[in-house]
Structures are given as C-alpha cells and as structure tokens.
Ligand SMILES: [Zn+2]
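Numbering (my numbering), first residue to last: 50 to 684.
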C-alpha cells in the first residue's frame, strides 16, 4: 500500500501513525526509486569501457544491452516516452520544443505516483534544463543547468539530507562528447566521457547506500540511455541511434538478461532515383482531380529520400504555396535541424509535426498517412514516429498538382538538395503493417491497396525530362531545371520492426516503476510499456502488433507445424489478452501471452521445441470472449 506507508512522514501523519500503529497498517514495505538517465550512451561503447558502477547494476539486476528507443531519437521525445510509458504518437512530443504535447492525457511517472499518494516526495535533477522547465515532471524539487557535477551534487544532497521516494538524475557529458567528437565506440573521447559519468553514478550510488535506512527502503535503481547516436548527431532512425541499454536493479530484482527480438530487415533500396541539385532542379507533377482530397478523403504519401544537407530549409515535396504555412495543402519540409516535418493547412487552420533526423546521407523511407477525421501519422523506415489530430483541418485542395523539391508555385526561396525515388500517392489510409511489408518493394498488383494508387513515380526513367506515372492515371511528371542526375542507389538500409514484445523498450520504464510501487497498469491509462521485472514467457519467441480489424479471431500457420508456427489473432477492442496452450488431457503447457493489448491484429511465433508430436489446444481469452483452436505439432 503506497498511501498509508507515507502518512508517517507528514506532520499530520505522525498523529495517524501512533493511532494506527497497533493495527500494523505499515506492514507493506516502503518502496523507493532512483532513475539514472545516461544521456546519449551507446551500449556498444559502454561495453568497451570499465564503467564498474553501471556494470555492477547490470550484474546484480535484470538488464539488456539491446533495448530500443523510438525515433525521433532526441531527448525531448525520448524522455517523454520514458516517463509517460507511451510513444510519441500518444504523448505528442516529436522534437525538443514540446509543442503538440499531451501530458494532460498521458501524465509523467512522478505525477502519477503523487496522484496515488499526495505525500509522495521526489527530486528531478538534470543536465539539460528543458527537462525541468518544459516538462510537467511532477517532482517536488528540481534543478538543471548544463552541469553533471551540479546534478550529481543536488542528488547526493537530497539523498543525504532529505527523504525522497523517487529521484531522477540525468547526466549529459556522454551526449556532449558524442556531439563534439562522435558517438562512436572507437572514439576515446566518447569512451572517456562514459567512464566519467560512470564515476558520477558511483558517487550517487554511494550516497544512496549510505542512507541509514537503506536496507529497508526498497530502492529500485533503473539506469538507461534515452537514445544512442551516429556520427555527431542523433534524432534519426538508424539502429545506432535507436539502440539503448536498460538496467533494473535492487529491491530483489532477479539477475537476468532480457532477451531481444529486433526483427531486423535489411533491404536494398530500389536501384533508381533522381538527384536534385539544390540550385534550380525540381519535379512538377501536373494538377489532376485524383489529388484533390477535399475535406474528408483519407490519403497516404510515401517516397524514398536521401540528403546530406542539414542546414537551411527546403520543401521535400508537397502541393501547397509555402509563402504562408496557413495556405491550403500539405508539404514535407526539411528543417534547418536536419529533420523533416509535415505541414498541413486549409487556409485557416494549420498543423505542423516534426519527424526524425533525415540528413545523414542515407536513404530513408518516409510516409505520412492522413486520416482526415482522425490523426495524421508519420513513419520513417517503417516505424511510426508521431501522430497528430487533424480532424479540424478542412478543404486542402490546391491548383498546383504535386511538386518535389519546391513548393506548389515553385517560388520557395530554396531548392531541395536531395535524391528521391518511389513516390507513391494513395487515396486511402495505408495500414502500418502494409507500409512495413512494402517498404522496399516496388508496387505490384498484389499490393492490398493497389486499387487506391492514384500516383506512382518510380523515377527509374534513366534519361529524358519525363517521369512516368506507373499508376492507372498515367499523369507523368516533368523535370524542371535540366541538369538533374539519375542515380542508381544500391544501398542497404537496415531497419527494425519495433513491436516485438520480447525486446525491452524505453517506454517500459513507467510500467516497471509503477509496478514497483504496487500500482497496477490500468487499461484507461493506455500505456505502451510492459513490466520488465515480471517474467516474460520464453515459449512465445516473437510477438508483434499488426493493423486493425474489428472482430476477434484466432488462427495459426503452418498447421500442422514442425518447429515454429505463426499465431495470428485479432482484438475487437483493447483489453487483457491471455493465450495458453493445453495438451489433449487439458494440462496447461505454457502461457504465451498475458498482457494488456490494443485493438487490432497481433501475431506471435510459437516454438514447439521441447514438446512431443501431437495435438495441442490453443486458447485465447479476452474480457469479453474466448476462442480455441487445435494445432498439430509433427516432428
Ligand atoms: Zn544530444
């Protein structure tokens, strides 16, 4: 019980304490939490360092060097995910400005804990001041100011002289070294910074262990990085930027390495495209009624792009006059920070949302799905990176057709310096799973949405000034500028399926910490994380969420199976799903899944390893329904 155990610490509570003492209300132990935010620390670099203090936490706890953080891999979005327990498409933070934030709907961890117990007392000490000036962190004492030494001292002071229930300490020297000289396991300056920060972790841990009541205080210590880095930046969708570590230690947390299942996909970008020179090149696709989406028509735009230009601004593609952002239409814009953003307006209302870093001179797949009565969703390399309510945006029609490298009237002050290929426009909202499945594959008749393709410029023409439209509309594009270069990218792009439940992710922190304080994850909190300390079942080797479908269903294939079988099921509504396997005598063989799931399609891989051949019964239970199916293992 969180609430009663704290009463003794308030002046009024002292009276209650004596009054209730004989009833032994404080039988449940106190719980406390220390979160160490090791900013911008790549696990592969950490493992090259001595770092005895962080290693000791891992050696005594549940840990993984293969956790993931979702793009945009910047501190604003990443710490928002860590402390709300939901991703950017819910908390709304997709850059370091915190605009579009939804902390009212998805409160931060310390706020939730204080809600549950008004006497909950916490400290928040950070290197990056915006984490305490711009975030509703809910802590009672907070400071920040570009100094790890000061941050460490504030934390030590509170641990020595105060009685905090929870403490967040963010250390920034590793991130600063990465920006200066490279986020790189072979960069000695970066490694030195890791060892320096590890020393500060040691100082804070010593102060913690020196507390007179330490042994009985039930401290859980969580150390993690908010993101990694690549070259001298982060913010993008490369594995180097998304990979983090996650250590949960103390308070009886078992020693265990958390498995991971990244479902990596390495593909070759379709080997064609066109490079716009940044001086006078652009692509003009004539106006046509199939791009007039009005006020209600859902649509999707996808393309590949590559740019090394990280300064200035240019229009990647769009259909609007960008002399005023409020003008009707949509535009993909490469911002002066090397990220991209999407602008959508109807002449009166305007919406803008940031995407990840893109100016790393690698090919990236970009997609935006416009659900006109709901949300607009951003994707980079198949990973959903943000969402924004656009239900108040009306008619977006323009007379400009679609341009690439310029705005609609071709009067934007800067031309785009970028390579592009595979521009696809659809008059439907493409499902996440379809975007993922067709990421690197040119569209064919077997694409589930091929009837909704209203424009498809592969940019594989190779010569001349006309870009063929491969859709049924044959509305060919025109090259403007004249000296464009045809390119033949033969580049491998490595990306990850994000939704595997076996992989630890930064959003797991909030759920793991709430469970430590005895707070059950409530369905209406709509959290994306899971508790990393409670067991994960090894029988299900991979679980992932797919798209939406309104009915409960359950099937597997292959069936019969030998080795592994893919189990697919659909949830009509959000709820706790339990999946168990029984033998024909009704004995439970394994629990494959027991967790809160969103509505939609889900899948997991079941391994028959260790089981003998025969019939097994697969049961799926939700709060409202129960389904069974027979599966046959043949070895
Ligand atoms: Zn940084």
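Note that the Cβ used here is the ideal one computed from N, Cα and C, for glycine as well.
| Check | Outcome |
| --- | --- |
| Under a Cβ-count criterion, where at least 16 other Cβ atoms within 10 Å of its own Cβ denotes burial, should residue 99 be classed as buried or exposed? | exposed |
| Would you mind sorting residue 373 into buried or exposed? The rule is 16 or more other CB atoms within 10 Å of its CB. | exposed |
| Where residue 140 and residue 673 are concerned, what is the direct C-alpha to C-alpha distance, given to the nearest angstrom? | 29 Å |
| Taking only heavy atoms of ligand 1 into account, decide whether any of them is closer than 7 Å to the Cβ of residue 89. | yes |
| Could you tell me if the beta carbon of residue 124 falls within a distance shorter than 7 Å of some heavy atom in ligand 1? | yes |
| Buried or exposed for residue 201, please, with buried defined as at least 16 other CB atoms from any protein chain shown within 10 angstroms of its CB. | buried |
| Could you name the residues of the same chain whose beta carbon sits closer than 7 Å to that of residue 320, not counting the 5 residues immediately before and after it, in chain order? | 537, 538, 539 |
| Is the beta carbon of residue 309 within less than 7 Å of some heavy atom of ligand 1? | no |
| Check whether the Cβ of residue 144 lies closer than 7 Å to any heavy atom of ligand 1, and answer yes or no. | no |
| Which residue or residues does DSSP assign as beta-bridge partners of residue 526? | 516 |
| Does any heavy atom of ligand 1 sit closer than 7 Å to the C-beta of residue 283? | yes |
| Apply the 10 Å Cβ neighbour rule to residue 163 and answer buried if 16 or more other Cβ atoms are within range, or exposed otherwise. | buried |
| Just to confirm, does residue 224 get its C-beta within under 7 Å of one of the non-hydrogen atoms of ligand 1? | yes |
| Tell me the residue span of the alpha helix (DSSP H) that contains residue 27. | Nothing can be reported for residue 27: it is not among the residues displayed for the chain, which extend from 50 to 684. |
| Can you tell me the Cβ-Cβ gap for residue 417 and residue 350, rounded? I've got them flagged as a contact below 8 Å. | 6 Å |
| Can you say whether residue 605 is buried or exposed, counting buried as having 16 or more other CB atoms within 10 angstroms of its CB? | buried |
| Excluding sequence positions up to five away, which residues of its chain have a Cβ less than 6 Å from the Cβ of residue 89? | 223, 224, 227, 278 |
| Are residue 174 and residue 217 close, meaning C-beta to C-beta below 8 Å? | yes |
| What are the start and end residues of the beta strand (DSSP E) that includes residue 114? | 111-117 |
| Would you mind reading off the limits of the alpha helix (DSSP H) that contains residue 201? | 197-210 |
| When the Cα of residue 380 is compared with those of 266, 387, 370, 386, which residue comes out closest? | 370 |
| So is the beta-carbon of residue 692 under 7 Å away from any non-hydrogen atom of ligand 1? | Look at the range of the chain in this structure, 50 to 684, and you will see that residue 692 is not part of it. |
| Does at least one heavy atom of ligand 1 sit under 7 Å from the Cβ of residue 228? | yes |
| By Cβ distance, which residues of its chain are closer than 6 Å to residue 207, with the 5 residues on each side in sequence left out? | 172, 213 |
| Answer yes if the region 390-409 comes into contact with the region 455-465, meaning at least three C-beta pairs across the two stretches below 8 Å, and no otherwise. | no |
| Name the DSSP beta bridge partners of residue 296, please? | 112, 272 |
| Could you name the residues of the same chain whose beta carbon sits closer than 7 Å to that of residue 185, not counting the 5 residues immediately before and after it, in chain order? | 152, 157, 160 |
| Mind checking who residue 173 pairs with in its DSSP beta bridge? | 191, 217 |
| By DSSP, does residue 540 sit in helix, in strand, or in coil? | coil |
| Contact check, residue 123 vs residue 145 under 8 Å by CB: the rounded distance? | 6 Å |
| Once the 5 residues before and after residue 511 are set aside, which same chain residues still bring their CB inside 6 Å of it? | 535 |
| Short of 8 Å in beta carbon distance, which residues of its chain neighbour residue 660, apart from the five on each side in sequence? Order them along the chain. | 638, 682 |
| Count the other C-beta atoms from every protein chain shown that fall within 10 angstroms of the C-beta of residue 587, then say buried if there are 16 or more, exposed otherwise. | Because residue 587 carries a pLDDT of 36, less than 50, the predicted location of this residue cannot be relied on, and no value is offered for it. |
| Under the DSSP definition of a beta bridge, which residues are partnered with residue 625? | 645 |
| State the start and end residues of the unbroken alpha helix (DSSP H) segment that holds residue 428. | From DSSP, residue 428 is part of no alpha helix (DSSP H) but of the beta strand (DSSP E) over 424-429. |
| In terms of residues, what are the limits of the beta strand (DSSP E) holding residue 414? | 413-419 |
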